[in-house]
Each structure stands twice: as C-alpha cells, then as structure tokens.
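Colleague:
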C-alpha cells in the first residue's frame, strides 16, 4: 500500500488525465504538436512511404508497393489484348453475332418487302403451312353463303342428274333376264344398249364439265373479290362464270385427256400429270395464257411446296368422294338391280343419290378453295403480289 493519498478527482467538465484517451487524442498515434507529412510523396517514387496507413482489415506485413504473387485468372485475355470490334456501325464490318448476312433464311415473323402479312388471299413467303391453312379457312368463312349455292347448282345437282340417268339407261337388268332364259348368245340389243349408255355418259359428262367450269370460275371470282372487300352477289358470280366457262372448259378437257393417257400407260405418270397440271385452271382464269406450261413450271420450280399443298387438297377430296360413293352404294343396294322398276323404289333411290351428292359438297369446296389459295401462294413466290392485284387480273 502507498502512503500517498489518491489523486484528486478532476473538476467537472474536464477529462481524466489517467483515461485511455486523454484530451481525445490516442497516445499511440502521433501527437498533434509533432511535425507530420505536409503533402503527398514525390510522384514516380514507388518506394516512398505512404502518408496514410493501410486500410482497415489489411493483413499484417502487407506492402502495397510489392507486385502481387498471383497472375490473371484462367481464361482472362493477355495484357495488351483489345476486344475485337462488333458488327455494324461504326467500326465492325460484319454482321452482329448470331445474325446471317442478307439474304439469309427468313426468321419467324419475317416477310420479304412488298408483301402484306395481313393479306387474306396471298400467303407470303415464310408464312408456311399455317399461313396457307389460315387463308383457306378464312375464305370458307367469308364466302360459304355464296359458295354453297354455286357449288350446289354447278357441281352437286348435275352429278345427281347424271347418276339418275345412268340408272335409267342401265341395261344390266335386261341382260340378266336374257341370261336366265338359258341363251348363250349376246342379247339382240346388246351393242345398241351399250352404245346408248356410252353416248349418254360421254355427252352428259361433257355437259356437266361445262356447268362445272361455270361454278369454278364463279367461285374463284367470289373468293378473290371477298378477300379484298369488294361486293359480290350470286348473279354477278354466275355471269362471270358463264363468261369464262368456255375457255376453262376447253383447257379442262385437254388436261383430262392428258391425265387419262398417263393413267392408261401407267398409273404413276397419270398421278404425276394430275399434280403437275393442278394449277392450270387458276392460271387460265387469272393470266389467260399458256396454262399448261405455267402449271408445269410452277410445279417443278417449287416441287415440295406445291406437292404438299395439292396432296392435302387431293386427300380431302378423295376421302369426301369415297364416303359419298360408299353411302350411295350401300343405300342403293336394297332397291335391287332395277331400282327404277317401281315408283316407290324410284323415289327411294333418287333420295339416296341426292343425299350422297350433298355429302360430297365439302369435297368440292375444299378443292376450289385449296387450289385457289395455292395458286396465289405460287404467284407470291415469283414476285410481290396481293389480293387486289389478283382481283384486277380476273377482269
């Protein structure tokens, strides 16, 4: 113990001289009265000591003037490396990354200049099968009120009349009666009956072909004008069809002969000719020159595109026609070999034929719309075209 009394307490308001920070100054740091650095060290002297201490948290022994002992991380560019210029303006001369030079394959939603992606008839290049299908559906929705009466008058009704005439002139029942008598020779009227049937069928088919040409031309006129918002009516459509029917009918007959000869020699050439000449009808109505040559050229220049579209149309037409034919055969079977022998069976078989013909109506509609939209798409692949231009070409 010390005999000296404890130091007196400092007056109120003054710091304790024995405290850790007497006068608010750290005793371990420089005294305020000591001379200190008056400015930064001379420039260019890396060995000069810094007037400031290391930042908080610096490891002991760390010298900021020393070169780090580690190099750049793996994959970093070497010293002096400059990032290459990007494509486009102002420095780069190539395209931006991931973008091909023009012209390149079209991206989704891209259309060449001069085409309207909202055109309701012409499928622009790059729209694909969905664009083609949308325009087919749109044409049916806009025009079914006029297209159905046109097709009923020019396709369904003539076919039903020809079927009834064929049943009335069918000599099979008389031939079976002669065979039942035990005669081994041909019936006396065999060749006469056969010639009559062939003449009626050939003449009726030619007449029906002309009437069908009226319907194809009238339906094409309706679909094209509705696509550009122009007014249409049933009377105007049929008048236009009559005006163009003769030429279209003639080309249709020639195409039928060509396809028939191909089928006679072999089935495959006939199928090829049917596909290659599928655009001849629309070519005549819109261009009115060289429909066979133009159709061949369209088919061979864009074989995959046209073949796919026409194959879809042909498949729908074949299915619809087969369904109607099967129903007609099944419905007519109960009336026997001579269904027109009695009034009751006559009424029954006529009703069956009429219903079957009406069931084939969707096939006619698909054929008309599908081939027309396909032709418009083919024209778009040749040069920019729109529905208004095609409507003007119809005349």
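Numbering (the UniProt record's numbering), first residue to last: 1 to 395. For every residue, glycine included, the Cβ atom is placed at its ideal position computed from N, Cα and C. These figures come from a predicted structure and were not determined experimentally.
Which of the three DSSP states is assigned to residue 23 in this structure?
Modeller: Here residue 23 refers to the residue found at position 23 of the chain shown. Residue placement at residue 23 is flagged as unreliable, the pLDDT there being 44, under the threshold of 50; the coordinate-derived value follows with that caveat. In this structure, residue 23 counts as helix in the three-state DSSP scheme.
Colleague: Should residue 266 go down as buried or exposed, given a rule of 16 or more other Cβ atoms within 10 Å for buried?
Modeller: For the purposes of this step, residue 266 is taken as residue 266 along the chain shown, with counting starting at 1. Exposed.
Colleague: With residue 192 as the anchor, note down where its alpha helix (DSSP H) starts and where it stops.
Modeller: Numbered from its first residue, the chain shown carries residue 192 at position 192. Segment 190-227, the alpha helix (DSSP H) holding residue 192.
Colleague: At the level of alpha carbons, what is the spacing between residue 165 and residue 379?
Modeller: Locating residue 165 in the chain shown gives position 165, counting from the first residue. Locating residue 379 in the chain shown gives position 379, counting from the first residue. Answer to the nearest angstrom: the Cα atoms are 42 Å apart.
Colleague: Within this structure, are the beta carbons of residue 122 and residue 349 separated by less than 8 Å?
Modeller: Within the chain shown, numbered from 1, the residue matching residue 122 stands at position 122. Within the chain shown, numbered from 1, the residue matching residue 349 stands at position 349. No, they are not a contact pair.
Colleague: Keeping to the same chain, check which residues put their C-beta closer than 6 Å to that of residue 127; ignore five residues upstream and five downstream.
Modeller: The residue given as residue 127 occupies position 127 in the chain shown. Within the same chain, residue 127 has no close Cβ partners at all.
Colleague: On the three-pair Cβ rule with 8 Å, is the segment 158-173 touching the segment 335-353?
Modeller: The segment 158-173 is in contact with the segment 335-353.
Colleague: What residue range does the alpha helix (DSSP H) around residue 356 cover?
Modeller: Stepping through the chain shown from its first residue, residue 356 is reached at position 356. Residue 356 -> alpha helix (DSSP H) spans 343-359.
Colleague: Looking at residue 374 and residue 310, is the spacing between their C-beta atoms short of 8 Å?
Modeller: Translated into positions along the chain shown, residue 310 becomes position 310. Translated into positions along the chain shown, residue 374 becomes position 374. A contact, by the Cβ cut-off of 8 Å.
Colleague: Apart from the five residues just before and just after residue 395, which ones in its own chain have a Cβ nearer than 8 Å to its Cβ?
Modeller: Taking the chain shown and counting its residues from 1, one reaches residue 395 at position 395. The answer is none, since no qualifying residue turns up.
Colleague: Alpha helix (DSSP H) containing residue 151: first to last residue?
Modeller: Residue mapping note: residue 151 aligns to position 151 of the chain shown, counting from 1. Its alpha helix (DSSP H) spans residues 128-151.
Colleague: To the nearest angstrom, how far is it from the Cα of residue 270 to the Cα of residue 343?
Modeller: Along the chain shown, one-based indexing puts residue 270 at 270. Along the chain shown, one-based indexing puts residue 343 at 343. Roughly 42 Å separates the two Cα atoms.
Colleague: Quick check: the segment 319-336 against the segment 127-144, are there 3 or more CB pairs under 8 Å?
Modeller: These segments do not touch.
Colleague: Can you tell me which of the three DSSP states residue 266 falls into?
Modeller: Counting from 1 along the chain shown, the entry for residue 266 is found at position 266. Residue 266 falls in the coil class under three-state DSSP.
Colleague: Mapping DSSP to helix, strand and coil, what is residue 34?
Modeller: The residue given as residue 34 occupies position 34 in the chain shown. Caution applies to residue 34, whose pLDDT of 48 falls short of 50 and renders its modelled position unreliable; the value that the coordinates give is listed next. Coil.
Colleague: Mark residue 364 as exposed unless 16 or more other C-beta atoms lie within 10 angstroms of its C-beta, in which case mark it buried.
Modeller: Here residue 364 corresponds to residue number 364 of the chain shown, with the count starting at 1. Looking at its Cβ environment, which holds 16 or more other Cβ atoms inside 10 Å, residue 364 is buried.
Colleague: Could you tell me the alpha carbon to alpha carbon distance between residue 393 and residue 206, rounded to whole angstroms?
Modeller: Start at 1 with the first residue of the chain shown, and residue 393 comes out as number 393. Start at 1 with the first residue of the chain shown, and residue 206 comes out as number 206. Distance between the alpha carbons of residue 393 and residue 206 is about 28 Å.
Colleague: Spatial neighbours of residue 218 within its chain, please: C-beta separation below 8 Å, excluding the five flanking residues on both sides.
Modeller: Position 218 of the chain shown, counted from the first residue, corresponds to residue 218. 150, 154, 237, 238, 240, 241, listed in sequence order.
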